[in-house]
Structures are given as structure tokens and as C-alpha cells.
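Residue numbers (my numbering): 106 to 397.
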């Protein structure tokens with residue numbers, strides 16, 4: 106049954122593909138974006154889908170410095186990390202991959218003056234922003250850390266500093282949110298998506314076992330209560346990384362699949378759901394760092 110669901114979802118992705126480009130965030134979108142495109146390529150890598158035109162489109166978004174620029178935009182953004190993950194896993198576009206890795210290593214978030222009355226974080230730590238000249242946030246920092254680790258650069262000083270940043274942003278009772286555990290002396294709750302991505306980044310950090318266990322507990326408790334397609338897919342991939350049971354979340358996500366094979370007619374959610382179901386059924390988890 107799982108194989109049938111995955112096949113139906115892959116067929117949806119193939120039909121939703123924008124010719125000569127990649128995928129939009131929604132089936133009826135007309136503009137392709139890197140995030141659903143990279144996830145789509147990963148979800149279709151074991152099919153006969155022709156990847157060359159999509160890879161050519163992605164390559165055209167990367168300038169000579171390795172910066173990935175969205176169509177009709179001149180501002181580098183976080184999706185460079187997703188591109189590195191996809192190209193590394195697919196073993197494609199080695200030169201583009203190399204320049205994008207170098208760009209990620211050079212790209213830094215903006216430091217701000219610490220204000221302990223506003224937020225309780227170490228603002229001197231540098232991670233990655235959503236776009237240039239902005240603050241470090243948990244999600245783009247986590248994607249960048251994961252990308253560099255997948256590329257074999259887990260020991261780089263930028264990665265180590267970013268691990269410290271993510272741990273500094275841990276919520277009071279465990280898990281993560283966008284990046285501020287306390288604001289104006291008010292405790293801010295964790296969120297499932299941010300927590301899953303932080304755990305992606307910390308999956309090989311043995312000294313963070315306490316924070317990791319608390320985050321995994323939060324995923325197991327919160328996602329079934331508030332089961333969005335995105336939180337379910339990322340939650341399954343996250344629990345699978347740490348060898349925790351995924352059956353409960355896999356059963357829930359299966360009920361969310363529409364008759365057309367999609368999740369919410371979204372190529373992005375559908376691609377992530379394919380990757381989650383593949384991992385839950387014993388196939389490779391593309392976001393899991395392989396130990397040497």
C-alpha cells in the first residue's frame with residue numbers, strides 16, 4: 106500500500122512539473138521556485154523522470170559567486186542550502202555545487218546589538234539569514250548546517266558556531282521556534298517545523314543529547330495534535346533519523362493524501378511526504394548524515 110501511495114504522489118509531481126523549469130509551491134502556480142524543485146528532484150530520483158532540464162534551470166539561478174537568486178530578484182537567499190543538499194545527494198553539477206558551498210561558507214547573518222531586556226539569546230553568534238543583511242534564524246541556519254554536513258564540511262568553524270547558535274536558541278522546555286525562546290520576559294513556545302529542522306542540523310552532535318531528546322519528545326507529542334502536512338513529513342523524517350518509531354505519524358500522513366496523489370495540491374508538501382514515506386518504509390532518508 107505504501108508503494109502505491111508513493112507512486113501516485115510521484116505521478117502527481119511529474120504532472121505538476123513546469124516544462125523547462127522546476128516546480129511551483131502549488132499545482133496551479135506558474136512560477137517555479139528552488140525549494141519545491143530541489144525536493145521534487147530528490148523525491149523522483151529513483152524514477153525515469155528526466156532531470157537534465159530541471160538541473161539546467163537551477164544552474165541558471167546561480168551566479169558566478171555561487172549565490173542562488175530567485176527569478177526576477179537580485180537578493181541571495183537561504184535556498185542555496187537546499188540546492189547544495191539536492192546536488193550533493195544527486196551527485197550533479199559539481200562546479201555549481203562547489204561554488205554554492207563556498208558561498209554558504211562566506212555568507213553571514215547580520216550581527217545586532219544585544220538587548221537582554223528584549224530577547225534572551227547570544228546575538229554575537231553568527232548563523233544564516235533568510236536573505237542577506239538580516240538576523241540569524243533557526244530554519245535557514247539549520248538548512249545551511251545540514252547542507253554543509255551533507256557536503257562533508259561538518260567540522261568547519263562556521264558549522265560549529267552555528268551548532269552553538271541553535272543550542273542557544275533552545276526553548277525553555279525543549280524544542281525550537283523561529284529563534285527566540287524568550288521575548289520581553291515572555292516564554293515563547295516551540296514549533297514542530299522549527300524543531301524538526303533544528304534536529305536535522307544537530308543529528309550528529311553527541312554533546313547535545315539532552316536538547317535532542319527533549320526536541321524529539323516534543324515532535325512525538327505535538328505533531329499528532331496539530332498535524333499539518335509539513336509538520337508530519339518533517340516529523341517523520343526527523344524521528345527516522347534518530348531511530349524513533351514513525352508508524353503513528355505515517356498513518357496520519359497517509360490519510361491526508363488526496364485522490365490526485367498529492368498533499369494539498371502542493372508539489373513541495375508532496376515531495377517531502379514522498380521522502381518521509383520512503384524513509385518510514387526503510388528506504389534512505391535523504392536528510393540523514395551518513396556516518397563514515
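The beta-carbon is built from N, C-alpha and C at its ideal position, and this holds for glycine as well.
* Looking only at its own chain, which residues have a Cβ that is under 8 angstroms from the Cβ of residue 119, when we skip the five neighbours before and after it? -> Counting from 1 along the chain shown, the entry for residue 119 is found at position 14. Closer than 8 angstroms at Cβ, skipping near neighbours: 149, 152, 154.
* Alpha-carbon to alpha-carbon, residue 230 and residue 290 -> Here the question's residue 290 lines up with position 185 in the chain shown. Here the question's residue 230 lines up with position 125 in the chain shown. Between the alpha carbons of residue 290 and residue 230 lies a distance of about 21 angstroms.
* Within the same chain, show all residues whose beta-carbon is closer than 6 angstroms to that of residue 385, passing over the 5 residues directly before and after it, in chain order. => Translated into the one-based positions of the chain shown, residue 385 becomes position 280. Result list for residue 385: 341, 351, 355, in chain order.
* Start-to-end residues for the alpha helix (DSSP H) that takes in residue 251 -> Position 146 of the chain shown, counted from the first residue, corresponds to residue 251. 243 to 255 is the span of the alpha helix (DSSP H), which, as asked, contains residue 251.
* To do: Could you tell me if residue 202 is buried or exposed, where buried requires 16 or more neighbouring beta carbons within 10 angstroms of its beta carbon?
  => In the chain shown, counting from the first residue as 1, residue 202 sits at position 97. Buried, since its Cβ has 16 or more Cβ neighbours within 10 Å.
* Mind checking whether residue 310 and residue 364 have CB atoms under 7 angstroms apart? -> Residue mapping note: residue 310 aligns to position 205 of the chain shown, counting from 1. Residue mapping note: residue 364 aligns to position 259 of the chain shown, counting from 1. The criterion of a C-beta distance shorter than 7 angstroms is not satisfied by residue 310 and residue 364.
* Could you tell me whether any non-hydrogen atom of the ligand FMN is closer than 6 angstroms to the CB of residue 333? => Looking for the ligand FMN in the displayed structure turns up nothing, as the structure carries no ligands at all.
* In whole angstroms, what separates the C-alpha of residue 339 from that of residue 378? -> The residue given as residue 339 occupies position 234 in the chain shown. The residue given as residue 378 occupies position 273 in the chain shown. Answer to the nearest angstrom: the Cα atoms are 8 angstroms apart.
* Own chain, CB closer than 7 angstroms to residue 328, minus 5 neighbours either side, in chain order -> For the purposes of this step, residue 328 is taken as the residue at position 223 of the chain shown. 297, 336, 337, 340, 354.
* Touching or not, the segment 236 to 250 and the segment 258 to 272, by the rule of three or more beta carbon pairs under 8 angstroms? -> Because the criterion of three Cβ pairs below 8 angstroms is met, the segment 236 to 250 and the segment 258 to 272 touch.
* Where residue 374 and residue 129 are concerned, what is the direct C-alpha to C-alpha distance, given to the nearest angstrom? -> Sequence index remark: in the chain shown, residue 374 carries index 269 (1-based). Sequence index remark: in the chain shown, residue 129 carries index 24 (1-based). When rounded, the distance between both Cα atoms is 11 angstroms.
* To do: Mind checking who residue 128 pairs with in its DSSP beta bridge?
  => Taking the first residue of the chain shown as position 1, residue 128 is located at position 23. BP columns for residue 128 point to 138.
* Asked: Going straight from the alpha carbon of residue 193 to that of residue 280, what length do you get?
  -> Walking along the chain shown from the start, residue 193 turns up at place 88. Walking along the chain shown from the start, residue 280 turns up at place 175. Going by the C-alpha atoms only, they are around 28 angstroms apart.
* **Length-filtered (4 minimum) alpha helix (DSSP H) runs lying within the segment 303 to 382** => 314 to 327, 334 to 346, 352 to 360
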